[in-house]
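All residue numbers for the sequence shown refer to numbering that gives the first Met the number 0, where the first residue is 0 and numbers rise by one.
Cβ coordinates follow ideal geometry from the N, Cα and C atoms, glycine included.
As the structure is a computational prediction, the values presented were derived from the model and not from experiment.
First up is the structure itself, then whatever we jot down about it.
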Amino acid sequence: MTRTYSPKAGEIKRNWVIIDATDVVLGRLASHTAAILRGKNKPTFVPHLDTGDYVIIINAEKVVLSNGKADKKIAWRHSNYPGGIKGVKYSDLLRENPERAIEKAVRGMLPKNTLGREQLTKLKVYQGAEHPHAAQKPVPYTFSQIAQ
């Protein structure tokens with residue numbers, strides 16, 4: 000009888016990955032990022048543990064949306080008070096706070112539980128090419144296909 004492999008806490012190796020968001024479609028960027036945060040690119044992936052890597056996204060203001068979604072799509076948020084829903088177009092959100100747009104897209108692709116919230120803490124998003132994580136020696140991530 001074979002046993003199902005489940006990695007122990009000491010066996011989980013966390014690497015740092017850096018992604019340049021210049022001219023990358025937001026959805027494709029979010030799906031690749033969510034897979035790395037969950038650890039689905041590793042042979043030790045198990046759905047009930049956090050085996051993923053840390054992800055640094057730079058040049059967040061240069062991400063693009065396809066098919067004119069920047070003017071059509073609306074990012075909703077709610078204050079948890081009655082009538083407290085607010086919406087902002089993605090074109091305005093990308094201009095004012097592109098980090099929030101990327102975090103919102105990645106959050107939607109992670110599990111909606113405590114494990115997903117824990118995995119989201121390993122995401123670091125920055126405007127521009129500068130980031131404070133040089134000491135972790137992040138490895139650049141390249142997309143296999145970034146056609147738009």
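Check	Outcome
T120, buried or exposed, once every other Cβ within 10 Å from all chains shown has been counted against 16	exposed
Backbone CA spacing between Q118 and W15 [nearest angstrom]	13 Å
Outcome for Y4 when other beta-carbon atoms lying within 10 angstroms are tallied against a minimum of 16	exposed
Span separating the alpha-carbon of I17 from that of A34	14 Å
Exposure label - Y80; buried when at least 16 CB within 10 Å	exposed
Where the beta strand (DSSP E) through G86 begins and ends	I84 to K88
Terminal residues of the beta strand (DSSP E) in which R54 lies	In the sequence under discussion, the amino acid at residue 54 is Val, which differs from the Arg named in the question. Counting along the chain, the beta strand (DSSP E) containing V54 begins and ends at Y53 to I57.
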